[in-house]
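> Quick one: the structure is below, and I'll ask about it shortly.
Number of protein chains: 2
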Amino acid sequence: MQNFVFHNPTKLVFGKDTVERIGEYLKQNAIKKVLMIYGSGSIKKNGVYEKVVRSLHENGIMKVEVSGIRPNPVLSKVHEAIEVARKEQVDAILAVGGGSVVDSGKTIAAGYYYEGDIWDAFIGKYNIKKALPLFVVLTMSATGTEMNGNAVITNEDTTEKLSFGSKYVYPVVSIVDPTVQYSLPKDQAVYGAIDAISHVMEHYFDITGSDIIDSIDEGIIKTIISSTETIIQEPENYEARANLCLATTLALNGLTRMGTTGGDWSSHDLQHPLSALKPEVAHGAGLAAIFPAWMTYVKENISDKLIKFGRQVLNLGDEITPEYTIAELRRWYTSIGAPISLAQLGFLEEDIEKLTDIASKHAPFGTVKPLNHQDIKRIYEIAYNS
Amino acid sequence: MQNFVFHNPTKLVFGKDTVERIGEYLKQNAIKKVLMIYGSGSIKKNGVYEKVVRSLHENGIMKVEVSGIRPNPVLSKVHEAIEVARKEQVDAILAVGGGSVVDSGKTIAAGYYYEGDIWDAFIGKYNIKKALPLFVVLTMSATGTEMNGNAVITNEDTTEKLSFGSKYVYPVVSIVDPTVQYSLPKDQAVYGAIDAISHVMEHYFDITGSDIIDSIDEGIIKTIISSTETIIQEPENYEARANLCLATTLALNGLTRMGTTGGDWSSHDLQHPLSALKPEVAHGAGLAAIFPAWMTYVKENISDKLIKFGRQVLNLGDEITPEYTIAELRRWYTSIGAPISLAQLGFLEEDIEKLTDIASKHAPFGTVKPLNHQDIKRIYEIAYNS
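Sequence lines, in order, name chains H and C. Going by this note's numbering, the residue at position 205 of the first sequence is 512; the numbering climbs one at a time, nothing skipped. Going by this note's numbering, the residue at position 28 of the second sequence is 335; the numbering climbs one at a time, nothing skipped.
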């Protein structure tokens, strides 16, 4: 087990009918005016918008709004929102949405106090020193952003999709009400589940680790698998929704990172170019194609862990090989309707070169096996043909 | 799954050679003078005292000391330390020790600002509103107090052993260095392990719960079992120590509580009278005798969970009964050298009445089955004869 420091100050408010408490929590924190951000307007259809606005009103919280934040959120929208936040002199950001909205919220919160372009935080030119307090009402469980200090944003000008992490952008309060996710399309539940499984796997297949965190990782992934299967059949099964929501939060709130070197993260680094090139590719869908390809390429380095994963998570019995585990993971992804190859995602063979070039900009990356240009290309080839 | 709020602001600093960083963390938090509290002086033998004092010195932190805090810590010592803290006008409490020292530290920290007797917080007469910041260097993993807001203290005058919980007494920073625990006597490792297992079980056997937290609970207990077995053979096995230390912290930092009604806690309520009557009875030793007796008494209410526990935690195969699970848990406790009956702990049959009277003062308690005087007596009888 590696040494680590764990510090997660986010207050997680979890359960049925918790959305309407957002105003209370803002008031408790002496917030008077928020910039409320959200996406394409699905919160107006499922009732969340109305509940939030009523709660703000009842608690005397003023708001201004910026809407239209898209999946794979973009830097230009963040710039627009920072301008509004400054002009309106808000005290806090209130993000109502999924990972894209929350990640935009973190970036806006940090950008508010920075005189330069907040993109500098993504490319290592600025170390965040201050941010507006961020409050979250989560409407889609997947990325775990509701309880960590990370954000991923795409810069349309450079087609780079990059992340930053800062202790200043942990949400002060995150409200997770599983019932508001009843109406999510099946695809989003599936891709959210794969995203969360991938977060755990980035740590599980790290070169380090420990029995205690491995066993927690296994429990989280098993729960995501079983609750996703239930949700596909019964979208309004509260227990399954609640289990999936909590599992996705725990997948990336620092718990699964304890005692590791921080995770491998190659599969995420290899996935980001996919959505940079094709913004319509959901993050989880890309990971379904990329992660098993990465496993295949590095299987010699992680063979014991693949066997352990096959036994403890996939219940494959005694005669397990690394290849069998990978095949069964792909088989499960297929069974829930996820694509498992770049071809299924609509990429052409000639895209492999472009993807490799984008990913290689930040190479080498990965702890299990640091990947260079040649490795990256080979993994995309495996992912293309799977 | 029940609704819940989780908020744990403690910074956990975990790993080899972390003790010597305590001064740094105090300085980062603008602390200039601490009341350093510790126990009987074992920290002077294992080198922890010297490391802490050097780190304080190097970071320009002044200190005053109160030592001699005993296992099953007492209120009179807390009163003494509060007087010293006030007279010396310290900025923070630094607890260097195990659960008894840390729990005393929490009570001192809260008592510092309270004009009445801080025992009022334990009997529900005072709701804590403020406390000195608390910093911890943990030297024995067991109670999980290093990452929660709870404290247990014994009032010698009334022979009551009671607890309080407050968000104001979460440690600001807790340092857990598994290597300082190499020199612990075997008994303390064993009783610490049983204490931590019991914390998880108080939640696992709650009437509510969820797949996600059950699976994490199972992982924590399995890890405690395997790492304890290793430590008994190899006290200086770092991986086993680190796994045990982290598992005991996670057992009671709020994670295992998520989605439950808060845990049953009958076994703890039934154990406290044991050490009130016989202060030499270690908390974990008492729990080894009490918890299986409680399970036996309420087995009809928790039969499914007992079977699940037998399968997932104790690997008992397919033909599991509630009784078999309980017997195997007792067998494992015996195998690591723990007492499993009140008789083995030195109690006499006539003590059952006394224990029942002490415990009944706060009856009924428990969520699985609220226990009254008669129930309590029956459980002590089962525990006596096991």
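The C-beta atom is built at its ideal place from N, Cα and C for all residues, glycine as well.
Looking at the C-beta of glutamate 453 of chain H, does it have a partner C-beta in chain C at a distance below 8 Å?
no
> Step through the CB atoms of chain H and report whether any lies within less than 8 Å of the CB of alanine 558 of chain C.
No, alanine 558 of chain C lies away from the interface with chain H (no Cβ there is under 8 Å from its Cβ).
> Using the beta-carbon of each residue, which ones in chain H are nearer than 7 Å to isoleucine 523 of chain C?
Ile523, Gly526
> Quick check: what's the CA-CA separation for methionine 369 of chain C versus tryptophan 639 of chain H?
Distance between methionine 369 of chain C and tryptophan 639 of chain H, taken at the CA atoms: about 60 Å.
> Cβ-heavy atom distance between valine 371 of chain H and the ligand PLP below 7 Å?
For the structure depicted, the ligand PLP is absent and the ligand set is empty, with no information on it obtainable.
> What are the boundary residues of the beta strand (DSSP E) that isoleucine 647 of chain C is part of?
First-last for isoleucine 647 of chain C: undefined, no H or E at that position.
> Going by beta-carbon coordinates alone, are threonine 603 of chain H and isoleucine 683 of chain H separated by less than 8 Å?
It is not a contact, given that the beta carbons lie outside the stated cut-off.
> Threonine 446 of chain C to glycine 348 of chain C, Cα distance in whole Å?
When rounded, the distance between both Cα atoms is 12 Å.
> Enumerated in chain order, which unbroken segments of the alpha helix (DSSP H) with a length of 4 residues or greater are wholly contained in the region 567-599 of chain C?
573-584
> Using 8 Å as the cut-off, can you tell me whether the region 433-441 of chain H makes contact with the region 528-540 of chain H, which would need three or more C-beta pairs spanning the two stretches below that distance?
no
> Decide yes or no for the touch test of the region 351-364 of chain H against the region 408-428 of chain H: beta carbon pairs closer than 8 Å, at least 3 of them.
No, because fewer than three Cβ pairs between the region 351-364 of chain H and the region 408-428 of chain H fall closer than 8 Å, the two stretches do not touch.
> Looking only at its chain, what residues have a beta carbon closer than 7 Å to the beta carbon of aspartate 502 of chain C, apart from the 5 residues adjacent to it on each side?
Ala449, Thr450, His590, Gly591, Leu594
> Give every residue of the same chain whose Cβ lies closer than 8 Å to the Cβ of glutamate 395 of chain C, excluding the five residues on either side of it in the sequence, and list them in chain order.
Lys340, Leu342, Val371
> Does proline 492 of chain H get closer than 8 Å to chain C when you measure Cβ to Cβ?
no
> Should proline 580 of chain C go down as buried or exposed, given a rule of 16 or more other Cβ atoms within 10 Å for buried?
buried
> Does DSSP put valine 675 of chain C in a helix, a strand or coil?
coil
> Which partner residues does lysine 318 of chain C have in the DSSP bridge list?
When beta bridges are read from the DSSP output, lysine 318 of chain C appears opposite C:Val480.
> Just verifying my parser: in three-state terms, what is the DSSP assignment at leucine 621 of chain H?
coil
> Taking the alpha carbon of phenylalanine 471 of chain C as the point to measure from, which residue in C:Asn455, C:Glu541, C:Glu463 has its own alpha carbon closest?
C:Asn455
> Would you call lysine 493 of chain H buried or exposed, if buried means 16 or more other Cβ atoms sit within 10 Å of its Cβ?
Its Cβ having fewer than 16 others within 10 Å, lysine 493 of chain H is exposed.
> Spell out whether any CB of chain H is found under 8 Å from the CB atom of glutamate 509 of chain C.
no
> I need the DSSP call for leucine 342 of chain C, collapsed to helix, strand or coil.
strand
> Just to confirm my understanding: we take threonine 317 of chain C, look at its own chain, exclude 5 residues before and 5 after, and list those with CB closer than 6 Å. What are they?
Residues of the same chain with a CB within less than 6 Å of the CB of threonine 317 of chain C, apart from the 5 flanking positions on each side, are Met454, Tyr477, Pro478, Ser481 in chain order.
> Return helix, strand or coil for isoleucine 460 of chain H, following the three-state DSSP convention.
strand
> By the criterion of Cβ-Cβ separation under 7 Å, what are the contact partners of methionine 565 of chain C in chain H?
Leu553
> Would you kindly check if the distance between the Cβ of tyrosine 691 of chain H and the Cβ of isoleucine 659 of chain H is under 8 Å?
yes
> Can you check whether the CB of isoleucine 538 of chain H is closer than 8 Å to the CB of alanine 547 of chain H?
yes
> Could you tell me which residues DSSP pairs with serine 517 of chain C in its beta bridges?
Assignment of beta-bridge partners to serine 517 of chain C by DSSP yields no partner.
> Taking Cβ-Cβ distances shorter than 8 Å, what residues in chain C pair up with threonine 325 of chain H?
Asn310
> Taking the CB atoms as reference points, tell me whether glutamine 309 of chain C and threonine 567 of chain C lie closer together than 8 Å.
Their beta carbons are under 8 Å apart, which means glutamine 309 of chain C touches threonine 567 of chain C by this criterion.
> Grab the span of the alpha helix (DSSP H) containing serine 362 of chain H for me, first residue to last.
355-365
> Is the beta carbon of serine 574 of chain H closer than 8 Å to that of glutamate 525 of chain H?
In this structure, serine 574 of chain H does not lie closer than 8 Å to glutamate 525 of chain H by Cβ.
> Leucine 441 of chain H bridges to which residues according to DSSP?
H:Ile400
> Please confirm whether glycine 322 of chain H has its beta-carbon closer than 8 Å to some beta-carbon of chain C.
yes
> Using a Cβ-Cβ cut-off of 8 Å, state whether serine 505 of chain C counts as contacting chain H.
no
> As a quick exercise: from H:Pro378, H:Gly418, H:Lys432, pick the residue whose alpha carbon is nearest that of alanine 388 of chain H.
H:Gly418
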